[in-house]
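Visitor: Shown below is the structure under consideration.
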Amino acid sequence: MNIVIVGGGTAGWLVSLYLAKQRPQHQYTTIDSINVGPIGVGEAATGKFNQMLNECGITDWEFMLATDALPKHGLRFINWTKNPSTFDSPMEYSVSSQDPLDTRLFLQVLNQQPIEHASISGWHSLNEKTSYRSVDGRLENTFAHAFQFDANKTANFLKSH
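Following the numbering used here, the numbering of the sequence shown begins with 1139 at its first residue and continues without gaps.
Right under this line is the structure:
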């Protein structure tokens, strides 16, 4: 089967790479304009993006080095209401989010505690920590996170694969 993906950029090249790894029996063609390059802005993704990269054989460390990407555990909203306030929104859900009742999140609200504490990524974000550690001279991720990255560098990196 011949499959055509119209448009390069981060999405087009990631889809091409992912499908080629998952269904190598098909033929893939990505149509990418030489006149219109990827938008070179800062982008972010969820942890599913990292999972897709890993399934394509690309490690977090390789991706970060090639694209200047940084791990991202949450979003900080400053003064988004009429009253001065700060709110951290974690990238990943709480540890009990798959249960019929998200008890971890419920207890945070019930006890009038910050909901950011309901998830590990929220804790990392709130405390300005990372989920990476150095193991035998290489970087190892200990928990899911997202990336903040440059879309232009990312598209070109994925295209090279």
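Note that CB positions come from ideal geometry on N, CA and C, so glycine has one too. All of these numbers come straight from a predicted model, not from anything done at the bench.
1. Going by DSSP, which residues form a beta bridge with L1248?
2. Examine chain B for any beta-carbon lying closer than 8 Å to the beta-carbon of N1173, and answer yes or no.
3. Apart from the five residues just before and just after E1300, which ones in its own chain have a Cβ nearer than 8 Å to its Cβ?
4. Could you have a look at T1241 and say whether DSSP puts it in helix, strand or coil?
5. Please name the residue or residues paired with V1273 in a DSSP beta bridge.
6. Which word fits H1283, buried or exposed, when buried means at least 16 other C-beta atoms lie within 10 angstroms of its C-beta?
7. With burial defined as no fewer than 16 other Cβ atoms inside 10 Å of the residue's Cβ, what is the status of T1167: buried or exposed?
Guide: In brief:
1. L1248 pairs with nothing; no bridge assigned.
2. Structure shown: chain B not included; a single protein chain is present.
3. The chain is shown from 1139 up to 1299; residue 1300 falls before or after that span and cannot be answered.
4. helix
5. R1276
6. buried
7. exposed
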